[in-house]
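Protein chains in written order, with the numbering used here: chain R, 1 to 94; chain Z, 1001 to 1462.
Don't be surprised by glycine CBs; every beta carbon is placed ideally from N, CA and C.
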Amino acid sequence: MDFIYLLFILALSVFLGFVIISRVPPLLHTPLMSEANAISGITLIGSLIAAGSENSSPFTVILATAAVAFTTYNVVGGYFITEKMLKMFKKKGQ
Amino acid sequence: MDTEILINFSYIVSCILFAFGLKMLGSPVTARKGNILSMVGMLLAVVVTLLSREIISFQWVALGVVIGVVAGLFTATRAKMTQMPETIALLHGFGGFGSMLVDWHAYHVHPTTSLIVTIPIFLSIFIGGVTFTGSCVAWGKLSERLPGKAIKFPGMHFVNIAVLGALLVLGFIFLSDPINNYPIFLVIVALSLIMGVLLVIPIGGADMPVVISVLNSYAGLVACTTGFVIHNTVLIVVGALVGANGIILSIIMCKAMNRSLANVLFGGFAPAVKSKAAGEKKEAKSMSVEDAYLVLEAAKSVVIVPGYGLAVAQAQHAVRELSELLEKNGAEVRFAIHPVAGRMPGHMNVLLAEANISYDQLYEMEAINPTMDTVDVAIVIGANDVVNPAARTDKSSPIYGMPIIDVDKAKTVFVLKRSMATGFAGVENDLFYNENTCMVFGDAKQTLQSLVAEFKASASHA
């Protein structure tokens, strides 16, 4: 049942994504892409649990810590680059 | 139990913030607020996750976060606007790799036989591996550390199919007994990484907008499958949003090239057929900067069509200066942006925004084409295939049917170009031989700067 419930969420989210994103104008496609990229780093929360839970071997510690570092990099880099780009979109006189 | 409810409730709020953040990117007026809302959503998700009872120690969490934050800020502050395509490619890759490691960890710590978990693990490793190395190759090509041209070798398709086949077969073996098949899992990891290189290596520079969009979608898919592995709803929602984003952008890019996704990813352009059966020898006219200035000086309506060449020449500031002088001279200046101009979706818009060009001067192809015959001068800077009228008229041309910016309908067309070389598609550009076209040869930035100097000189004489 749990699995079906997750699939249900997936189906609705895909629909939501198509509706929201098809309304973004080509003008902002690059920031859109880096924003989407930043939020795809949400797997960070999975890596936090992995790195914080009981890790029996050094290997799992390395896996989990590297996962945290890479996903944090994705999130932080993605958001700040989006901000950097959006800051430049100005109308005359602004 | 209470923290569990708090965490899940906060996840819902995060998802809403992410969705609103993307929605607010629909307009440049609200976009920055949208980005901040999205950041708040992320921060909330991270903070409540740290409250989770499963987390018993923080030293490794802290170490990873510190490394990630420092590296992320370093990349974001150092990246120049002209380096956006490769920077975004790199972020895709590292994000995908991070997600893949989460799944590897989950499998290593709690191997299970439940297909509901092992199938998503297999998919995460496969897609995550392809995203990682594929993005690294894209990064290399975009930053010119690797040759930008398509790299092909004989039997390439055969090798690709063999690797893909091996991955599927090993996948089945792995799924049949996931607990005892750790070595096979490792081979799957390795082959997925190889697959990513093989898939992106044969794709040429001008097709990069599609590749980046597809990798974006993959990064979303990995987040999604990881959500199934660790039973986390936010990951599934976000993964679906990002996946949809990448798919929509890929479709838009392919439509703008009149090619199918499969053709871009696996085909490449067919060798250009010798068109122009008549074989009449035409000659392109060229014009000096001084004469071009005289034409521009009299123009009332000017359209500038930028392409990747503008980014290469880093001429965005020079073009802004020229557009300001033209406006001062009483002309209306508009920029016409083709969807696939540049190396990623929206590349030209970012570049021109960096040079402080107002975004209401940037027009989409569909908006500008109907007004093209009222335009006095169209200036094509570093664009080629996207302004080739053969796409409209010549059925034998490989780019026939591709939507183009109809610069040939303007009264005069200036093409700023180094030489008569063909564009990415390797097709002769009929535009260059038209009656109303003049080539202005030379480095785009220098030509623009000389035009600016001409305007300034005449202003000081008056």
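Short CB-CB distance (under 8 Å) between residue i and chain R
| i | result |
| --- | --- |
| Z:Leu1044 | no |
| Z:Met1084 | yes |
| Z:Arg1461 | Residue identity differs from the one stated: residue 1461 of chain Z is His in this sequence, not Arg. Taking Cβ atoms only, chain R never reaches closer than 8 Å to Z:His1461, which makes this a no. |
| Z:Cys1224 | yes |
| Z:Leu1451 | no |
| Z:Asn1160 | no |
| Z:Asn1245 | yes |
| Z:Val1312 | no |
| Z:Asp1360 | yes |
| Z:Phe1097 | yes |
| Z:Asn1263 | no |
| Z:Leu1123 | no |
| Z:Arg1032 | yes |
| Z:Met1039 | yes |
| Z:Leu1235 | yes |
| Z:Ala1206 | no |
| Z:His1317 | no |
| Z:His1192 | Note on identity: in this sequence residue 1192 of chain Z is Ser, with His being the wrong assignment. No, because no Cβ of chain R sits closer than 8 Å to the Cβ of Z:Ser1192. |
| Z:His1110 | no |
| Z:Val1387 | no |
| Z:Ile1248 | yes |
| Z:Phe1018 | yes |
| Z:Trp1139 | no |
| Z:Glu1435 | no |
| Z:Gly1220 | yes |
Which residues DSSP lists as bridging residue i, in chain order
| i | result |
| --- | --- |
| Z:Ile1304 | Z:Phe1335, Z:Ile1379 |
| Z:Lys1417 | Z:Phe1441 |
| Z:Thr1447 | In DSSP, Z:Thr1447 forms no bridge with anything. |
| Z:Tyr1218 | The partner list for Z:Tyr1218 (beta bridge, DSSP) is empty, contrary to what the question assumes. |
| Z:Ser1286 | Z:Met1439 |
| R:Leu16 | DSSP output for R:Leu16 lists no bridge partner at all. |
| R:Thr82 | Looking at the DSSP assignment, R:Thr82 forms no beta bridge with any residue, so it has no partner. |
Sequence-distant residues of the same chain with beta carbon closer than 6 Å to residue i, five excluded per side
| i | result |
| --- | --- |
| Z:Gly1096 | Gly1128, Thr1131, Phe1132, Ala1219, Val1222 |
| Z:Ser1010 | Leu1044, Val1048 |
| Z:Pro1209 | Met1253, Val1340, Met1344, Pro1345 |
| Z:Ile1121 | Asp1103, Tyr1107, Val1229 |
| Z:Asp1376 | Ala1299, Lys1300, Ser1301, Lys1411 |
| Z:Phe1455 | Leu1325 |
| Z:Thr1087 | Ala1079 |
| Z:Lys1152 | Pro1202 |
| Z:Ile1368 | Ala1336 |
Close Cβ partners of residue i (< 7 Å) along its chain, the five nearest in sequence each way excluded
| i | result |
| --- | --- |
| Z:Lys1417 | Met1439, Phe1441 |
| R:Val75 | Ala38, Gly41, Leu44 |
| Z:Val1189 | Ile1125, Gly1129 |
| Z:Ala1331 | Ala1299, Lys1300, Ser1301, Val1302 |
| Z:Thr1374 | Ser1301 |
| Z:Lys1274 | Because Z:Lys1274 sits at a pLDDT of 44, beneath the cut-off of 50, its placement in the model cannot be relied upon, and the following sentence gives the value as read from the coordinates. Cβ neighbours of Z:Lys1274 beyond the five flanking positions: none. |
| Z:Glu1428 | Thr1422 |
| Z:Ser1250 | Val1210, Ser1213, Val1214, Ser1217, Leu1261 |
Proximity test, Cβ basis, 8 Å: residue i and chain Z
| i | result |
| --- | --- |
| R:Pro58 | no |
Pairwise C-alpha distance: residue j and residue i
| i | j | result |
| --- | --- | --- |
| Z:Lys1445 | Z:Glu1321 | 11 Å |
| Z:Gly1307 | Z:Val1380 | 8 Å |
| Z:Pro1085 | Z:Asp1002 | 44 Å |
| Z:Thr1358 | R:Lys92 | One point to set straight first is that residue 1358 of chain Z is Ser, not Thr, in the sequence displayed. Approximately 5 Å, taken between the alpha carbons. |
| R:Val61 | Z:Gly1068 | 16 Å |
| Z:Met1257 | Z:His1347 | 16 Å |
| R:Met33 | Z:Gly1021 | 13 Å |
| R:Thr82 | Z:Ser1213 | 16 Å |
| Z:Asn1356 | Z:Glu1004 | 48 Å |
| Z:Asp1430 | Z:Lys1285 | 13 Å |
| Z:Leu1325 | Z:Val1452 | 7 Å |
| Z:Ala1378 | Z:Leu1142 | 28 Å |
| Z:Lys1328 | Z:Asn1388 | 31 Å |
| Z:Arg1145 | Z:Arg1053 | 45 Å |
| Z:Met1195 | Z:Phe1185 | 15 Å |
| R:Ala67 | Z:Gly1093 | 13 Å |
| R:Ser57 | R:Arg23 | 48 Å |
| Z:Met1464 | Z:Pro1403 | Missing from the structure shown is residue 1464 of chain Z; chain Z here goes from 1001 to 1462 and no further. |
Beta-carbon contacts of residue i that lie in its chain and below 8 Å, excluding the five residues immediately before and after
| i | result |
| --- | --- |
| Z:Val1061 | Leu1050, Ile1055 |
| Z:Leu1448 | Ala1315, Ala1318, Val1319, Glu1321, Leu1322, Ile1381, Leu1416 |
| Z:Asp1177 | Thr1113 |
| Z:Phe1158 | none |
Check: residue i C-beta below 7 Å from any heavy atom of the ligand GTP
| i | result |
| --- | --- |
| Z:Leu1191 | Within the structure as shown, the ligand GTP is missing, as the structure has no ligands at all. |
- Between the segment 1054 to 1071 of chain Z and chain R, which residues of the former have a C-beta closer than 8 Å to a C-beta of the latter? Within the segment 1054 to 1071 of chain Z, those residues whose Cβ lies closer than 8 Å to any Cβ of chain R are, in chain order, Glu1054, Ile1055, Ile1056, Ser1057, Phe1058, Trp1060, Val1061, Leu1063, Gly1064, Val1065, Ile1067, Gly1068, Val1069, Ala1071.
- Message: Please list, in chain order, the residues of the segment 1338 to 1349 of chain Z that have any C-beta partner in chain R closer than 8 Å.
- Response: Pro1339, Met1344, Pro1345, Gly1346, His1347, Asn1349
- Message: Taking beta-carbon pairs under 7 Å, can you tell me which members of the segment 1143 to 1172 of chain Z lie near chain R?
- Response: none
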